[in-house]
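Asker: Following the numbering used here, the numbering of the sequence shown begins with 603 at its first residue and continues without gaps. For every residue, glycine included, the Cβ atom is placed at its ideal position computed from N, Cα and C. If you're wondering where the values come from, they're calculated on a predicted model, not measured in any experiment.
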Amino acid sequence: MQALKGHVTVGIVGGSDLSKIKEQLGDDVVESFDYVFSENGLMAHRKGEVLGVQSLKQHLGEANLQRFLNATLRELAAIELPVKRGTFIEFRNGMLNVSPVGRNCSQEERDAFEAYDKEHGVRKALVAKLSNDFADLNLTFSIGGQISFDVFPRGWDKTFCLRYVEKDFGDIHFFGDKTYAGGNDHEIFSSERTIGHTVTSPEDTRAQCTELFMK
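1. With a Cβ-Cβ cutoff of 8 Å, do Phe-736 and Val-700 count as a contact?
2. Give the DSSP bridge partners of Val-685, in chain order.
3. Whole alpha helix (DSSP H) runs in the region 713-743 with 4 or more residues, listed along the chain?
4. Ignore the nearest five residues each way along the sequence and tell me which others in Val-632's own chain have a CB closer than 7 Å to its CB.
5. Does the region 775-786 come close enough to the region 655-662 that 3 or more CB-CB pairs lie under 8 Å?
6. Is the beta carbon of Gly-785 less than 8 Å from the beta carbon of Gly-746?
7. What's the gap between the Cα of Ser-793 and the Cα of Tyr-782?
8. Starting from Ala-822, trace the beta strand (DSSP E) in both directions and tell me its first and last residue.
9. Taking only beta-carbon atoms, is His-661 less than 8 Å away from chain D?
10. Which of the three DSSP states is assigned to Gly-772 in this structure?
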């Protein structure tokens, strides 16, 4: 990624909050890259400076937020799984991250839940129930990663970050692994404002970027 910066402007966009992105890419991530968009761009940085911040709490209001949280906790309590750990709902600045198994699970438990979920559709069923029950809130539900799904206002998917870059660049390439319908990369991958690329691993990302930008 550092080598790529010598050839093109590089931005990072993730559904996680900034602390998780720092854990994955280093404490100096906002200074190291041209753009860093945490929580799908609801917190945006350019060269270390804050560009903008959006708040889920202000958007929904406390009454609607608690109505959704209480219902989700009831649904999670009713689900039987091989294991359950802790932190089932993570409150972020611009979204909620819901994990039936709990974000405190070990990597082994994370892998096991992913396999279990593929067979039993735990997340898919929960998303279907909540999206139906809270249709009035105009929320988007996006399944991503191994153990959780994100909940955020409609339009607050990863395309949100494009408002900060679309006027300054002719071509915007996006690389992501969850590019299928329902995946948390799908909206920005399929946007007419981007050139989307599906990747399968860090090695594949490096190979595709090298071929496109660094030859």
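Answerer: Inspection of the coordinates gives the following:
1. Locating residue 736 in the sequence shown gives position 134, counting from the first residue. Locating residue 700 in the sequence shown gives position 98, counting from the first residue. Cβ atoms of Phe-736 and Val-700: not closer than 8 Å.
2. Against the sequence shown, residue 685 aligns to sequence position 83. Note: Val-685 sits in no beta bridge, so no partner.
3. Listed in chain order, the complete alpha helix (DSSP H) runs (minimum 4 residues) inside the region 713-743 are 724-735.
4. Within the sequence shown, residue 632 is the residue found at index 30, counting from 1. Taken in chain order, the residues that qualify are Val-638, His-647 and Gly-650.
5. Judged by Cβ distances under 8 Å, the region 655-662 makes no contact with the region 775-786, as fewer than three pairs qualify.
6. Numbered from 1 along the sequence shown, position 183 holds the residue referred to as residue 785. Numbered from 1 along the sequence shown, position 144 holds the residue referred to as residue 746. With respect to Gly-746, Gly-785 sits close: the two C-beta atoms are nearer than 8 Å.
7. In the sequence shown, counting from the first residue as 1, residue 793 sits at position 191. In the sequence shown, counting from the first residue as 1, residue 782 sits at position 180. Per the coordinates, the alpha-carbon of Ser-793 lies some 13 Å from the alpha-carbon of Tyr-782.
8. The requested residue 822 is not part of the displayed model; the chain covers only 603 to 817.
9. The structure shown has no chain D; it contains just one protein chain.
10. Residue mapping note: residue 772 aligns to position 170 of the sequence shown, counting from 1. Coil, per DSSP.
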